[in-house]
Each structure stands twice: as structure tokens, then as C-alpha cells.
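**Q**
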Amino acid sequence: AATAPGKKITARLKRTLPVRGPQAPTLSELMRWYCLNTNTHGCRRIVVSRGRLRRLLWILLTLGAVGLILWQCAELLMNYYSASVSVTVQFQKLPFPAVTICNINPYKYSAMKEYLSELDKETKKALETFYGFSEGKSKVRRSVDEWNSTGSDFFQQIPLLKVEDFSRTATDLHSGQKRKIEGSVFHKDSSIVNSGDSNDIIGFQLCDANNSSECALYTFSSGVNAIQEWYKLHYMNIMAQIPLETKEKLSYSADDLLLTCFFDGLSCDKRHFTRFHHPLHGNCYTFNSGENGTILSTSTGGSEYGLQVVLYIDEADYNPFLVTSTGAKIIVHDQNEYPFIEDIGTEIETAAATSIGMHFTRSRKLSKPYSDCTETGADIPVENLYNKSYSLQICLHSCFQKAMVDSCGCAQYAQPLPAGAEYCNYKKNPNWMYCYYRLHEKFVKEQLGCQQICKDACSFKEWALTTSIAQWPSTVSEDWMLRVLSWDKGQKLNKKLNKTDLANLMVFYKDLNERFISENPANTLVILLSNFGGQLGLWMSCSVVCVIEIVEVFFIDSLSIVMRRQWQKAKKWWNHRKRGGSGKAPQASDVERQGHDNPVCIDEDLPTFTTALRLPLPQDSPLPRTPPPNYSTLRLETAFTEQLPDTLELGQH
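Numbering (UniProt numbering), first residue to last: 1 to 653.
1. Given a threshold of 16 other Cβ atoms within 10 Å of its Cβ, counted over all protein chains shown, does Val332 qualify as buried or as exposed?
2. Entirely within the region 336 to 423 and at least 4 residues each: give me those alpha helix (DSSP H) ranges in chain order.
3. In chain order, what residues of the same chain have a beta carbon less than 6 Å from the beta carbon of Ser49, not counting five sequence neighbours either side?
4. DSSP three-state call for Asp264: helix, strand or coil?
5. Output the boundary residues of the beta strand (DSSP E) element that contains Val332.
6. In or out: Leu60 buried (at least 16 other Cβ within 10 Å) or exposed?
7. Quick check on this structure: which residue in Glu245, Cys399, Gly537, Ser477 has the alpha carbon closest to the alpha carbon of Gln452?
8. Applying the criterion that 16 or more other CB atoms from any shown protein chain within 10 Å of the CB defines a buried residue, is Asn387 buried or exposed?
9. Should Pro339 be labelled buried (16 or more other beta-carbon atoms within 10 Å of its own) or exposed?
10. When the distance is taken between beta carbons, is Thr466 closer than 8 Å to Gly345?
11. Reducing DSSP to helix, strand and coil, say where Asp605 ends up.
12. Run the CB neighbour count on His272, radius 10 Å, all protein chains shown included, and call it buried at 16 or more, exposed below.
13. For the region 363 to 378 and the region 516 to 535, state whether three or more C-beta atom pairs, one from each stretch, are separated by less than 8 Å.
14. Quick check: what's the CA-CA separation for Lys572 versus Ser28?
15. Excluding the 5 residues flanking Glu347 on each side, which residues of the same chain have their C-beta closer than 6 Å to its C-beta?
16. What residue range does the alpha helix (DSSP H) around Ala126 cover?
17. When DSSP builds the beta bridges, which residues end up paired with Thr466?
18. Could you please give the first and the last residue of the uninterrupted alpha helix (DSSP H) stretch that includes Ile101?
19. First and last residue of the alpha helix (DSSP H) that includes Tyr434?
20. Determine, using beta carbons only, whether Cys408 and Trp432 come nearer to each other than 8 Å.
21. How would you call Ala503, buried or exposed, if buried means at least 16 neighbouring beta carbons within 10 angstroms?
22. Alpha carbon to alpha carbon, how far is Ala209 from Tyr434? Give it in angstroms, no decimals.
23. Helix, strand or coil for Ala522? Go by DSSP, reduced to three states.
24. How is Ile517 classed by DSSP in three states: helix, strand or coil?
25. Just mark Val309 as buried or exposed, buried being the case when its beta carbon has 16 or more other beta carbons within 10 Å.
26. Does the distance between the C-beta of Arg362 and the nearest non-hydrogen atom of the ligand FMN fall short of 7 Å?
27. Under a Cβ-count criterion, where at least 16 other Cβ atoms within 10 Å of its own Cβ denotes burial, should Asp501 be classed as buried or exposed?
28. Is Ile469 near Ala352, with beta carbons less than 8 Å apart?
29. Determine whether the beta carbon atoms of Tyr509 and Thr298 lie at a separation below 8 Å.
30. Measuring CA to CA, which of Tyr131, Phe532, Tyr413, Asp372 is closest to Glu75?
31. I need the boundaries of the beta strand (DSSP E) containing Arg54, first residue and last residue.
32. Using the Cβ count rule (16 or more neighbours within 10 Å means buried), how would you classify Val526?
33. Tell me whether the beta-carbon of Ile101 lies closer than 8 Å to the beta-carbon of Tyr285.
34. Determine which residues share a DSSP beta bridge with Thr298 and list them.
35. What does a CB cutoff of less than 8 Å around Gly293 pick up in its chain, not counting 5 residues either side in sequence?
36. Using CA atoms only, rank isn't needed, just tell me which of Val99, Phe96, Ala126, Tyr413 is closest to Phe321.
Written out as C-alpha cells, the structure reads:
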């Protein structure tokens, strides 16, 4: 019973005193309470400052600080996934790379003449018609009749054309008849300045075998380029029909290509080379391929401790229409990489000593989310047709070959075969040329999607090459050197060597410095949080506790107030609807409870005198709600019916 008067006073104060803090009835009261109690000084200065100008200045300063915080934090988040590059140089014994060597001429012309007789005949006829010169009667053998008969008909279908003017008429160089040009015209030498004479333009026309009206004319400003492109087109048709075993015999053997070999100061031979057949370059030979499980290494830099070979080129047996340069092509690569001779091969001159100095670099990039690279290529939806470690070139070539098989029904000759496919040839696929050129045009314009699908490898090895050339052999040593080499290889060559048939190649490390380039995360979670704390402390003198406070007030409490107001409105509407249906007058208990009647106010602390002084005056009556105390009795008769125990003790005294 002693605590009953205290509870009554507490209840009356709750109904009268405005509620502040997280249980404030309105957002404005909540924001005012937050500004007065928060640890961020700018917000407090907005409320306590006197004068509109000073308050406006503090508002602008606080909003500016908040904007700077948001901007700097956004920059920190965007830079979180950035990487820093570090370069490490090590001095150690280095593994020697694989060196692949190919003759520029893929097959011996003397062995290929029987397959190319009709093609060579048509090419010579075109040269005679266009340029007016002839080599006399052809002496090529015609023992392979199936190649000749089918080839002759096909050459007539896709002959070389001489474009006489721009009225879409051309002269057939095979029959001499004029024909109307249908379809689109593609000028393959657009970067070359034309002489302005339309009679200098030659090319060939490809048409869709299923729709003769769908044609494309490919023209060239240079007659050399036109004849070579036309020749290669038919050449691939022929080579696609020859079995692999036969092509390997038609190309150069290791004994044919290699005359001498030294590595790291010691003699080597063909047993240190591994043969693989390239569709466009014939038999190629890789030194230190690692197929036997052993990879050679070197512990000394310089040309004396690298690979030194003398190559026999045999220029006299070159195909005059297929290749126009003499020498060899080499490529330095890792043992697990496929040698793309046609893309990045280095040409070696004859009658010269070519020295290639190497610098070895290993690179490592961070994968997602730092960069869009792939670790092994397993996440790329393109089948690897080369059975080697993933690279961007492998992905692009494999993607194009897959599109070729899907669109044209056969595979392009220069790339590996997908499972279940076969190379294109005009016997089984008469439409493949037109399809190939159209598809290649889309590939170059990045319309096939291969460039979007394929990604760079995250880790790779690179050998930076420095090439120097010197005349070889010298004039004073030419005679005896050629005699010795002819003596060593005389039983196989059966002729005297000429220096234009030889090429001297040296591949070596210039130094044993291995550079390792790696990417490392520029930021960690600890650094990010530290940067956040620095920005908050610099602009708002705020800490993590302030951030939690902001989240609580601006999100949790504000949402609670909004939901509470909506609930009160819904409750008021429901009570009004019930009263409208029953016809009863509104009761005092139905009046909407405001902030001081809020049921969430559950603070049970007894009121103090300071709290009582904060009671607001009633708006309707000038008299105070609670009359002043009677100091003779110290009893509040009109406000309370019972006297508190402590006042009873005072009265007795």
C-alpha cells in the first residue's frame, strides 16, 4: 500500500509529460532527441546554436561532412578490389624453354607436284592471261587422276576474275568470258593505296551452293595477294583430302632439316627433337619438348650455353606459289603450351646467323573479383581442341572451329578436328568456302561471341626475345665450311650445299634473371575498416558506436514510429467504422492516445521534483493542473487522496 501513491504519480506524469528518446511519438521529436544526445558534435550544434545564421552554418557544415564521408567511403569500396603489382627478380638456374622449328615451305614441292598439278596449271594460266608471261609447257606429272579431274571442274567454278570496271562485270581468267557480279564486294587490301586504275583489280567470287544469288566478290589491289589467296584456298581443299601419314612423308624429316646441333656446349641430335605435324607448316620439330619427362635447364647465360643449330632449308624445292620467302620459323614456348607458329612465329633468314637472346618472365594475375581471367579454362564454355594448357589463343581458335562445324558442317583445315568432325573439302562440302569466308568476317568483327567468351589466363610464362642477325658464313670461311657440311651430309643430300640453303640459329638466355610479376590485393578487410574509421573520425568525430547509434535511430526507431502512426490511424479508422455502424457517441476512452499515453512507456522509475517541473501547462485553462502545495500540511489535497509516508513523518515533526 505504501507504493500505491508513487505508482499513481508515475502514471499521471506519463500521461502528462512528453515522451522523448526512442519512444518519441513523432520523427521531429526523435531527431531532436538524437541531436541533443549523440556524440557527433555537428548534430548537437544544430540544435543548441542560437541564431538562424549560426544554425544554418552548422547545418551546411554537417551536411558537407556527411557528403564527404559518403564520397570517401564509396571510393574506398570501389578501390577495395584493386590490385598492386609487384616485381621480384631472382638469380637462379633456369629451365630451358621448348623451341619449335619449322621450314617455311611445309612440303617438298617435288613430292607434292602430282597432287598440285591441276592447281599449278590453272595458276600459270592466270599469270599468262593477266601478266602476259609463260614458262612454256608444263612438265608436271599427272599420275593422280582423281585429283586432276575433280580439281579441274572446281577451278572452273571458282576462277580468278579480272574486274574491268565498277559496273559489276568481270572477266573469267579461266575461260576469258565476262560474267555479271552478284552480291557484296569485299576489298581485302583496303589499307593499300589503289593506283586508281580499276583494271588492276583482280579477285574471285564465292557463292552459296544452295542459293546462287547469295554471292560475295573478294578483290585485291595487288595481283600477288590475289593469286596467293586464291591458291591457298584451293590448296587447303587438296590437302584436306590427303591422309596424315602421307602428308608426314611429303614433308621434311629431322635428318633433312637439321645439319648440326649443340646445347649447353654439348652435341645433340635428332633424338632431342620431337616431331609434330602442323597443317600449314608440315613437319615441325620441338627441342626440349619434355615428352620423355625430362626438361633441360641451363646454369650459365650467353650464346655459348644455349641451343645452336644449323638448318638445311633447300630453297630449290620450295612451292613457288604457296610461299614467297625463304627460311625457317621458330617459336619459343613453354612445354605445356601449343606453338602457334602462324601467329607469333619468328622467321629465320638463310645465309645468316640469327642470335635470339631471351629474358624469362613469369606473371600471375588475381582472378575474380579483381580481374576477369581464368585459372585453368574450366569455367570457359569452349572445348579445348589442342590438348595443351589453356591460353587465350587456344580458346579463340577452338571457338571458331566449333562455330565452323556448327555453321558449315565441316572443320577448317588449319585447326585441330573436333570429335566426330572432318575437314572441309569441295567433294563433300561444296559450300564450305562461302560459309568459311562469311564466318571469318563475323569472327574478325567480333560478332561470333568468341572474344566475349574467351578470357586471358591468370598465370603464364613469357620469353622476351631480342634478335640480332649477322652474315653467315663469312666470305673467308664460306668455302671450307660448305665443303665440310656437304661432306657430313653428302650421302643424304647428294649435292653440294649452297649458303642460301643454310640458316644458323642460336637461342640462349642473355642472363639468368627470372622476373616474377604478381598481383596482390591492395586492400584487406582490416585496412578497409581502418580507412572507414579514419574518415568518420576526421569529418564527424564519430566511431563505430556512433554508426550503430545512427542505424538504430534512423532506421529502427524511425521505422517503429512510422509503423506506430500507421497502426494508430488504422485503429482510429476501425473504431470510427464501428461507431458508425452502432450509432453510439464516441467515448472518452476512444480518443486517440498520443505520445504521453503511449503504452510503450513502461519506465517504472519514480518521478522526481525536476521531472515534475517539466509538466506542461494545460491549453484550455489558465489554472495549473496540479495546485501548489499547502506548506502548513505538506499535502496535495486536490491532486492526491492519500499522503505519502515521508510527508507524514515531516508533519509529525
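For each residue, glycine too, the CB sits at the ideal point set by N, CA and C.
**A** Straight from the coordinates:
1. buried
2. 341 to 344, 392 to 408
3. Arg55, Trp58
4. coil
5. 328 to 333
6. By the Cβ-count criterion, Leu60 is exposed, with fewer than 16 other Cβ atoms from all chains shown falling within 10 Å of its own Cβ.
7. Cys399
8. exposed
9. Under this definition Pro339 is a buried residue.
10. no
11. Confidence in Asp605 is poor, its pLDDT being 48 and thus under 50, which makes the residue's placement unreliable; the coordinate value appears in the next sentence. Coil.
12. By the 10 Å Cβ count, His272 comes out buried.
13. Touching, per the Cβ criterion.
14. If you draw a straight line from the Cα of Lys572 to the Cα of Ser28, it is about 22 Å long.
15. Gly327, Lys329
16. 109 to 131
17. Gly357
18. Element bounds for Ile101: not the alpha helix (DSSP H) but the beta strand (DSSP E), 98 to 103.
19. 432 to 444
20. yes
21. buried
22. Cα to Cα, the separation comes out at about 8 Å.
23. coil
24. strand
25. buried
26. For the structure depicted, the ligand FMN is absent and the ligand set is empty, with no information on it obtainable.
27. buried
28. yes
29. yes
30. Phe532
31. Note, Arg54: premise wrong, no beta strand (DSSP E); alpha helix (DSSP H) at 52 to 78.
32. exposed
33. yes
34. Leu94
35. none
36. Looking only at Val99, Phe96, Ala126, Tyr413, the smallest Cα-Cα distance to Phe321 is reached by Ala126.
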